[in-house]
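Visitor: The structure that follows is given in the form of structure tokens.
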Amino acid sequence: MVLDVGKLDPTNSAWEPYRLLDGNGVVVEPVAVFLAELQAAGRSKSTLYSYGNDLLRWWRFLAAIDVRWNQAVQIDARDYVRWMQIADKPTRVHWRRRDGAAPAGSNAGRPGRLPTPGTVNQMTGKATPGRKFAAATRNHAETVLRTFYDFHLEAGSGPIINPFPLDRSRRADRANSHHNPLLPFKNERKGRYRAHVPKRIPKRIPDEQFNGVFAGLKHDRDRALLAFWVSTAARAEELLSVPQDRVKPGDQLIGVVRKGSKALQWLPASPDAFVWLRLYQQGLWLKDAPRGRAEPLWLTLRRPYRPLTYPAARAMFVRAQELLGSNWTLHDLRHTAAWRMAQDPEMPLTDVQFILDHASLSTTQLYTTPTQEEVIAHAVAHHERRANSRPLNVPPPAPGYNPDSLDVLFGRRP
């Protein structure tokens, strides 16, 4: 049984944003060296957090099977992948309930308030996270652990063979050895234990549902945030990190630092977004909120004023959907903005690619793919047209048949 031992401890140090602690509270040195290598390679703090959580899960599994990290073999990696496929996700115990008692005001004893894991939302068609690890989660963990052991294999501090090997067909030859120069390169470094993930079409928020979510907002700050997200197609954290001097209402622009390239990019936004922004700022400045070029643009609404974080913005968006009953995410606002731009015949797809900061145009082309609802509507209309159409050049019936009876039988009589 995999127990909830150890933790990924956040720190206030820029040199070491996260530390992995084992069950005894001791820093896991091999992970600390690996995270330092990732930071030196320019990986963001969120990437270190994501990699650290995957390594924490692997360390808990190793503790359950009583194997040291540098003594793990391919069989251990295989069993770990099987465990992620078959077993339920471990239940995370809140720190207030570690003594077994539920605090006052908690959801304990009130089943039905939260949706059942894995159920599909009738409003959005999106399933809630299930009890099993998703295929994308398993693939991410496999990539992280294979990279972790490759690093220590090169440094000479780990096992002599990576327990997470590449696929057999990928190890025998050089990657892209038979590449056609007329075609784009493909990622041929595929792990042996990677699951197949179907290609998904980005989900957009229909206009009527977006209007319902917008009507559920209670503050001008939240209205300004949604208006910027759905018009600039910026990522949630990119917009939340904007300071006050990166807003140009006269030019209808807002500057964000891109997630991948770390470059400053000015994005056009809708006029109503700047109207809501001015209403939010004016109301907050009257309460002596911080005001300055380097101050954060998005602040909390109560004292002491602090920068608005991603978890707080996500909670705001979830509360706004309670009346509607939907489960849209903040990233769906980016998909919605991209879909709206891609559907405009007067806006080139290359411009949409630039705004979305996509490295490949093929990624942007996903937003030109019709959704499931659109395909169903087109198919239903097709069947209606077929049913209402009358066959032409119908041959006369054989002798002995009444033509009127055949017309009634085959629906050719109005």
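FYI, the numbering for the sequence shown is 33 to 446, going by my numbering.
Note that beta-carbon positions come from the ideal geometry of N, C-alpha and C, so glycine has one too.
1. With a CB to CB cut of under 6 Å and the five nearest residues on each side skipped, what residues in its chain are close to V60?
2. Just tell me which of P238, W371 and L340 has its CA closest to the CA of E269.
3. For P62, report the span of its alpha helix (DSSP H) as first-last.
4. So Q106 packs on R170, CB below 8 Å; how close in whole Å?
5. Give a yes or no on whether the C-beta atoms belonging to T10 and W371 are separated by under 8 Å.
6. For the beta strand (DSSP E) that contains K39, what are its first and last residues?
7. Alpha carbon to alpha carbon, how far is P234 from E405? Give it in angstroms, no decimals.
8. On the three-state DSSP scale, how would you describe L296?
9. By a C-beta neighbour count over all protein chains shown, 10 Å radius and 16 as the cutoff for buried, is P143 buried or exposed?
10. According to the neighbour-count rule (16 or more other Cβ atoms, all chains shown, within 10 Å of its Cβ), is D326 buried or exposed?
11. Put R417 into one of helix, strand or coil per three-state DSSP.
12. Strictly by DSSP, which residues pair up with A159?
13. Counting beta carbon pairs with one atom in the segment 267-287 and one in the segment 391-404, are three or more of them shorter than 8 Å?
14. Take the Cβ of A265 as the centre, count every other Cβ of all protein chains shown within 10 Å, and call the residue buried at 16 or more, exposed below.
15. Is it the case that the Cβ atoms of Y225 and F180 are separated by a distance below 8 Å?
16. Under a Cβ-count criterion, where at least 16 other Cβ atoms within 10 Å of its own Cβ denotes burial, should M33 be classed as buried or exposed?
17. So, is S392 buried or exposed, given that buried needs 16 or more other C-beta atoms within 10 angstroms?
18. Which residue spans inside the segment 229-307 form an unbroken beta strand (DSSP E) run of at least 3?
19. Which residues bound the beta strand (DSSP E) around R51?
20. Please report how far the alpha carbon of D364 lies from the alpha carbon of L438, in whole angstroms.
21. By how many angstroms is the C-alpha of K294 removed from the C-alpha of G287?
22. Quick one: what does DSSP say L198 is sitting in, helix, strand or coil?
23. CB G248 to CB L362, shorter than 8 Å?
24. What does the Cβ neighbour count give for A140, buried or exposed, with the cut at 16 atoms within 10 Å?
25. When the Cα of Q103 is compared with those of I192, A374 and L316, which residue comes out closest?
26. Which runs of the beta strand (DSSP E), 3 residues or longer, sit entirely within the segment 315-403?
Guide: Reading it off the structure:
1. L52 and D54
2. L340
3. E61 to A72
4. Actually they are not in contact, since the Cβ atoms of Q106 and R170 sit about 17 Å apart, beyond 8 Å.
5. In this structure the chain extends from 33 to 446, so residue 10 is not present and cannot be described.
6. K39 to P42
7. 13 Å
8. strand
9. Only weak support is given to the placement of P143: the predicted model assigns it a pLDDT of 44, under 50, and the question is left unresolved by the model.
10. In the sequence on display, residue 326 carries Ala and not Asp. Classification of A326: exposed, given that the 10 Å Cβ count is below 16.
11. helix
12. V152
13. no
14. buried
15. no
16. exposed
17. exposed
18. 285-289 and 296-300
19. Y50 to L53
20. 54 Å
21. 12 Å
22. strand
23. no
24. For A140, the predicted model reports a pLDDT of 46, less than 50, meaning its position is unreliable and no value from the coordinates is stated.
25. I192
26. none
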